[in-house]
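Enquirer: If you count the sequence shown from 1, you need to add 14 to reach this note's numbering. Ideal Cβ positions, reconstructed from N, Cα and C, are used throughout, including at glycine.
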Amino acid sequence: RQWDVTGAVAEAYAEGRPLRLALYSADGPYHSGKYFVSSDTGDWNAEGRPTLTVVYGTTAGTLEKLVQPPDPSAGGTLTYTLVVRGTGRSMLLTDPLPTEVTSPSRLEATEGTVTYDAGSHQVTWQGTPAAGQVVTVTLAVTAKVFDTTVLVNEATLSEDGQLSSSDAAIAIVEPYRFYLPLMFGR
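If you want it as structure tokens, here you go:
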């Protein structure tokens with residue numbers, strides 16, 4: 015059996031309240047509580063067990079941003095990796111780079127089109143990955159600073175002109191390092 019409760023979900027969401035469902039079946043010789051088994055008991059009668067699936071709206075694309083190494087040396091190379099999960103809709107990723115890094119020496123994407131605009135010091139990716147498909151955008155830059163500096167690099171992902179997701183990667187150039195344990199003695 016399958017039930018479509020999309021309308022009830024939409025109504026509850028619009029009113030800002032939770033949706034409560036109660037499923038009943040006609041009581042007959044085999045329709046009482048002693049014949050039902052909860053889903054946490056394993057796979058007993060898994061095919062005969064009714065299921066309820068609720069999908070409301072459309073799934074938004076996601077963006078994850080990583081940087082390696084997170085603690086580069088002065089003048090060192092940083093590699094940013096942006097991971098996009100597609101939805102089947104047109105997507106636009108914008109990544110304005112920090113002023114403390116050079117233009118990308120390496121720029122690639124597993125799908126779609128990736129470009130760098132020197133005037134705005136920004137990387138842009140465009141594509142239409144299938145729902146659930148993962149696309150990876152990789153770029154390598156060099157730190158232009160020589161003192162301890164925090165580099166915050168935030169990227170945004172839009173779908174059909176609407177913000178879908180954003181993420182930031184933080185690197186610290188020439189971080190202060192402390193080595194433990196510190197031992198003092200006579």
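1) Among GLY141, ARG34 and ARG120, whose alpha-carbon lies nearest the alpha-carbon of ASP174?
2) What are the boundary residues of the beta strand (DSSP E) that includes TYR130?
3) Is it true that the CB of ARG120 sits closer than 8 Å to the CB of ALA154?
4) If we ignore side chains and look at the alpha-carbon of each, how far apart do LEU217 and ASP85 end up?
5) Measure the C-alpha to C-alpha separation of THR138 and GLY89 and round it to an integer number of angstroms.
6) From the DSSP output, which residues share a beta bridge with VAL148?
7) Tell me whether ALA88 sits in a helix, a strand or coil according to DSSP, three-state version.
8) The alpha helix (DSSP H) spanning GLY141 covers which residue range?
Expert: Taking the geometry as given:
1) What you label residue 174 is simply residue 160 of the sequence shown in a count that begins at 1. The residue with the shortest Cα to Cα distance from ASP174 is GLY141.
2) Position 116 of the sequence shown, counted from the first residue, corresponds to residue 130. Here the beta strand (DSSP E) through TYR130 covers 127 to 131.
3) If you number the sequence shown from 1, residue 154 lands on position 140. If you number the sequence shown from 1, residue 120 lands on position 106. Yes, the pair counts as a contact, with Cβ atoms nearer than the cut-off.
4) In the structure displayed, the chain extends from 15 to 200; residue 217 sits before or after that span and is not available.
5) Here the question's residue 138 lines up with position 124 in the sequence shown. Here the question's residue 89 lines up with position 75 in the sequence shown. Put simply, the backbone Cα of THR138 is about 24 Å away from that of GLY89.
6) Your numbering for residue 148 matches position 134 in the sequence shown. ARG99.
7) Reading the sequence shown from its first residue, position 74 is the one you call residue 88. DSSP, reduced to helix, strand and coil, places ALA88 outside both helices and strands of the structure shown, so it counts as coil.
8) Along the sequence shown, one-based indexing puts residue 141 at 127. Secondary structure note for GLY141: it is in no alpha helix (DSSP H), and the uninterrupted beta strand (DSSP E) holding it is 136 to 141.
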